[in-house]
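In full-length UniProt numbering, the protein residues as written are 1 to 405.
Note that the Cβ used here is the ideal one computed from N, Cα and C, for glycine as well.
Heads up: the structure comes next, in structure tokens.
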């Protein structure tokens, strides 16, 4: 084992000596004196020779490492240029050689990447810069976001512009109509029906108001009768000499209170039906009428604008404006005619519905009031069954103790 170690050390010493002699010979060949009369071309040649020597030395160092894979660690080995046991000025650490080799590899990899990039972009005439693809993609995404934002802003500006122009035209037409200087489109038959509906709605609102007042007053009377009946019943227990008289009155008040609650159920149903007719059905028709009136105002505004343009000169610019005004006029004319038809249909159905609803509700109100004041309890209950009215049990409107908490 010792002999093998000695032989390996001897072979390593011989390799070191041969490498040192080779370096000395190369250094001797590279020592070319340059006089003061030398030019820059000789300096460039010397630099190229020195680079070649370094590359050859790195290749030999690589071969030496492959040979000595199983031998001593070359990271701690130094190559002496001045012979074994010389001074430390000629010692070259192998780690520095490895760093040099790695740098040369990095340069070659970077140069190969740049060359590949140039070949890939040669057909597109794009300057090749390493890492430019990522920046190019980021710039494209930012440009797309900016274009989208700009498009939304332009769209909103167009909407505001159209709204402002339309508002200006309608305001101008409305002022002209009020001062009697502008003409307006009038449908006499439809306008009369609309006026009748508005008047009917005002009258029905008054009926609804009075019916609600009657409900409140009658509810207060029923509560008073209920309290009075309880008082009579209590006095009949505490006054033996008037027990019968107080008892009769207590029973009468309780019966009136029961019939009053039945009548309140009929009146509440009447009020609820009138409220639906006035504040939902009629209101829906009036909303359509309001849309119709706005469409009529817009139609007259664009009609007046078109007439004003037709009265002016007929040059190229004016003809383009007339064509655009004609298109807007036709659009608003179609809208006006469509809404006028909708209003006519809704007025017809509203009249039929109003007659049907009011016929039923007025009959209910009459029968319930007559039966109550006639003291006919059976007829009053029969009236509620006829109109499918179900009374709520006492205390149904009161919240539960859990809801109160």
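Apply the 10 Å Cβ neighbour rule to residue i and answer buried if 16 or more other Cβ atoms are within range, or exposed otherwise.
i	result
residue 456	Because residue 456 is not part of the residues shown, which for the chain are 1 to 405, the question remains open.
residue 276	exposed
residue 162	exposed
residue 361	buried
residue 363	exposed
residue 168	exposed
residue 175	exposed
residue 262	buried
residue 343	buried
residue 308	exposed
residue 359	exposed
residue 264	buried
residue 339	buried
residue 113	Its pLDDT being 48, under 50, residue 113 is placed unreliably by the model, and nothing is read from it.
residue 237	exposed
residue 213	exposed
residue 278	buried
residue 43	For residue 43, the predicted structure reports a pLDDT of 43, less than 50, and the residue's modelled location is therefore unreliable. A value from the coordinates is still provided. Label assigned to residue 43: exposed.
residue 242	exposed
Between residue i and residue j, how many whole angstroms is the CB-CB distance? I'm expecting something under 8 Å.
i	j	result
residue 218	residue 267	7 Å
residue 347	residue 193	5 Å
residue 201	residue 282	5 Å
residue 284	residue 185	Not really, about 24 Å apart at Cβ, beyond 8 Å.
residue 302	residue 332	5 Å
residue 166	residue 298	7 Å
residue 372	residue 216	That belief does not hold up - the Cβ atoms of residue 372 and residue 216 are roughly 17 Å apart, past 8 Å.
residue 357	residue 273	6 Å
residue 335	residue 295	5 Å
residue 269	residue 211	Incorrect: roughly 11 Å between the Cβ atoms, too far for contact.
residue 173	residue 182	6 Å
Taking 7 Å as the cut-off, is the CB of residue i close to at least one heavy atom of the ligand PLP?
i	result
residue 218	With respect to small molecules bound, the structure shown includes none, and the ligand PLP cannot be examined in it.
Can a CB atom of chain B be found closer than 8 Å to the CB of residue i?
i	result
residue 323	The question asks about chain B, but that chain is absent: this structure has only one protein chain.
**Study point:** Given 8 Å, three or more beta-carbon pairs between the stretch 245-257 and the stretch 227-237
**Key:** Counting Cβ pairs under 8 Å, three or more are found: they touch.
Practice item. Evaluate contact between the stretch 313-328 and the stretch 361-380, counting only Cβ atoms and requiring at least three cross-stretch pairs below 8 Å. Key: The answer is no - the stretch 361-380 does not touch the stretch 313-328, with fewer than three Cβ pairs under 8 Å.
Review point. Where are the beta strand (DSSP E) runs, 3 residues long or more, that stay fully inside the stretch 165-230, in chain order?
Key: Whole beta strand (DSSP E) segments, 3+ residues: zero.
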